[in-house]
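Notes for the one structure printed next.
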Amino acid sequence: MATFLKSAGYGNRISPLGVLCRRASPGLVRRHVATSAPKITSSVYISEATDPYFNLTIEDWLFKNAPEDRPLLLIYRNTPCVVIGRNQNPWKEVNFRALRQTSVPFIRRRSGGGAVYHDLGNTNYSIHIPRTAFDRKNTSQVVLRAVQALGIPAAYLNERNDVCVEGRKITYKIVAKRAYHHGTMLIAMELGSIGKFLRPENKDSMITKGVASVRSPVGNLQRFNASASHEAFCRSMVSAFLNEYRMEDEPQFIHQSSEYTNLEAIARSMSELKSWDWTYGQTPEFSYAVSRVFPGGVITATVRSKRGVIEDCKISLEGQITEYNEALSDLGHSLEGERFGFTSPRFLSASHPEYQDQLVDVHRWLVDDVLSER
Ligand SMILES: Nc1ncnc2c1ncn2[C@@H]1O[C@H](COP(=O)(O)OC(=O)CCCC[C@@H]2CCSS2)[C@@H](O)[C@H]1O
1 MATFLKSAGY GNRISPLGVL CRRASPGLVR RHVATSAPKI TSSVYISEAT DPYFNLTIED
61 WLFKNAPEDR PLLLIYRNTP CVVIGRNQNP WKEVNFRALR QTSVPFIRRR SGGGAVYHDL
121 GNTNYSIHIP RTAFDRKNTS QVVLRAVQAL GIPAAYLNER NDVCVEGRKI TYKIVAKRAY
181 HHGTMLIAME LGSIGKFLRP ENKDSMITKG VASVRSPVGN LQRFNASASH EAFCRSMVSA
241 FLNEYRMEDE PQFIHQSSEY TNLEAIARSM SELKSWDWTY GQTPEFSYAV SRVFPGGVIT
301 ATVRSKRGVI EDCKISLEGQ ITEYNEALSD LGHSLEGERF GFTSPRFLSA SHPEYQDQLV
361 DVHRWLVDDV LSER
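Okay, so the sequence shown: first residue is 1 according to UniProt numbering, each after it adds one.
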């Protein structure tokens, strides 16, 4: 086993984020001018960056660029963010009202599965393997051994291959010749944020295609061993990984430097992760019906959306076939083609001047309560 693992840490230098580390090879992380892609010389990477867009991009970049025939481990953690799966509906998963009150972003990741919350008390790991050797149970066992070695022998795998002491989640993705298994390790996360950010309001009547999250009880490792930490988990995980795959590589430490961010593939991928097209435009088809009592009666709006755009919006007043209903129906049509969640709060309509005031009220309701969240 690598000598650095036999010592208490990875060497004797304390990095800015407190990870005990040996200085990474200068060519990999210390230069600030990007001339060509950094060489992937190790099988173990620990990111000291905490920007979720950067880390998720580095994960994908390593996945696509690392040698295909050897396993690779990446460990990183992010500043607070909500991360949904690639085939999820954000409006069904995220409480946008709560997010808006903070600067916490929500991000659609490239792998499938459910929605999770991250902060610095949550450490993410990612094990990349040649597809032929990929076995979800096997990679989960590497993580299980890492947790047990932290002094938590009661940890076990459940039927979904989640490491459990009290809840912990994994997901996986298979692409071309390689596959990866990535997951979260709750160490000292702010657990209240899960309920706050991952419970959307009034979305029972939103019927969506795609993947729904599987909500489960969760707990931090520190509940079972107060000395569990990001640094200890990194050491334990690296050790379990190297043992499993019989390697002796030194971990490399990644920083968010121009060496990476100036690389076209990384810059492009980071801006793609932030784009509307990816974040909202990938939303599977859904419908959403909402009613409200207005002075003239109950009005129901039924919206159908594909790829984040309103395909049709039917608005009607209960029971009555009146000219007002026609005006409402025209109001609905006027919203078609708009991006769900991005409807302009201004309402200008030359048609149906006789119902202008009522239409302004209905439009405001739609914008504030039905179509506004993002
Ligand atoms: N950080 C974290 N860790 C574990 N479980 C969580 C977390 N946040 C929320 N949850 C719980 O999991 C469910 C969703 O579980 P579900 O099983 O539906 O989805 C997942 O597990 C996805 C894991 C993705 C891991 C990636 C690794 C690197 S980037 S994100 C949610 O409703 C909460 O109950």
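Cβ coordinates follow ideal geometry from the N, Cα and C atoms, glycine included.
Since this is a predicted model, take the numbers as computed values, not measurements.
*asked:* Tell me which residues share the same chain as Thr50 and place their Cβ nearer than 7 angstroms to its Cβ, disregarding the 5 neighbours each side in the sequence.
replied: Non-local beta-carbon contacts of Thr50 in its own chain, meaning distances under 7 angstroms to residues more than five positions away in sequence, involve Arg77, Asn78, Thr79, Leu120 in chain order.
_Looking only at its chain, what residues have a beta carbon closer than 7 angstroms to the beta carbon of residue 435, apart from the 5 residues adjacent to it on each side?_
As displayed, the chain neither begins before 1 nor continues past 374, which places residue 435 out of reach and without an answer.
*What separation, rounded to the nearest whole angstrom, lies between the Cα atoms of Lys64 and Ser329?*
Each residue's Cα considered, the two are about 49 angstroms apart.
*Residue range of the unbroken beta strand (DSSP E) whose run includes Leu73*: 72-76
*Pair every Cβ in the segment 300-310 with every Cβ in the segment 277-288, then say whether three or more of these pairs are closer than 8 angstroms.*
Judged by Cβ distances under 8 angstroms, the segment 300-310 makes contact with the segment 277-288, as three or more pairs qualify.
*asked:* Is the beta carbon of Thr322 closer than 7 angstroms to that of Thr314?
replied: Checking the sequence, you will find Lys at residue 314 rather than Thr. Between Lys314 and Thr322, the C-beta spacing is not below 7 angstroms.
_Pull the bridge partners of Tyr324 from the DSSP assignment, please._
Answer is none; Tyr324 lacks a bridge partner.
*Provide the residue(s) that pair with Gln252 in DSSP beta bridges, ordered along the chain.*
Tyr45
*When you compare each of Thr41, Ser36, Glu373 to Glu248 by their alpha carbons, which one comes out closest?*
Thr41
*With hydrogens ignored, establish whether the beta-carbon of Ile194 is closer than 6 angstroms to any heavy atom of ligand 3.*
This structure lacks ligand 3; the ligands present are ligand 1.
*At what residues does the alpha helix (DSSP H) containing Met237 begin and finish?*
230-245
*For residue 377, which option in Val116, Gln356, Glu250 has the closest C-alpha, if you only look at C-alpha atoms?*
Outside the modelled stretch of the chain, which goes from 1 to 374, sits residue 377, for which no answer is possible.
*Could you name the residues of the same chain whose beta carbon sits closer than 6 angstroms to that of Val148, not counting the 5 residues immediately before and after it, in chain order?*
A quick correction: the sequence has Gln, not Val, at residue 148. Excluding sequence neighbours, Gln148 sits near Ala155.
_Test item: CB-CB of Leu242 and Asn220 under 7 angstroms_ = no
*Consult DSSP for Val303 and reduce its assignment to one of helix, strand or coil.*
Taken through DSSP and simplified to helix, strand or coil, Val303 comes out as strand.
*Strand pairing of Ala179, partner residues [DSSP]*: Ile129, Ile174
*Are Arg178 and Arg131 close, meaning C-beta to C-beta below 7 angstroms?*
At the C-beta level, Arg178 and Arg131 come within 7 angstroms of one another.
*Mapping DSSP to helix, strand and coil, what is His118?*
strand
*So, is Thr363 buried or exposed, given that buried needs 16 or more other C-beta atoms within 10 angstroms?*
According to the sequence displayed, residue 363 carries His and not Thr. Per the 10 Å Cβ criterion, buried.
_Helix, strand or coil for Arg23? Go by DSSP, reduced to three states._
Low confidence applies to Arg23: its pLDDT is 37, below 50, so where it sits in the model is not reliable, and the reading given next is rough at best. In the three-state reduction of the DSSP assignment, Arg23 falls in the coil class.
*asked:* Using the three-state DSSP reduction, which class does Phe106 fall into: helix, strand or coil?
replied: strand
*At a cut-off of 6 angstroms, is residue 420 close to ligand 1 when judged by its beta-carbon and the heavy atoms of the ligand?*
No answer is possible for residue 420: the residues shown for the chain start at 1 and end at 374.
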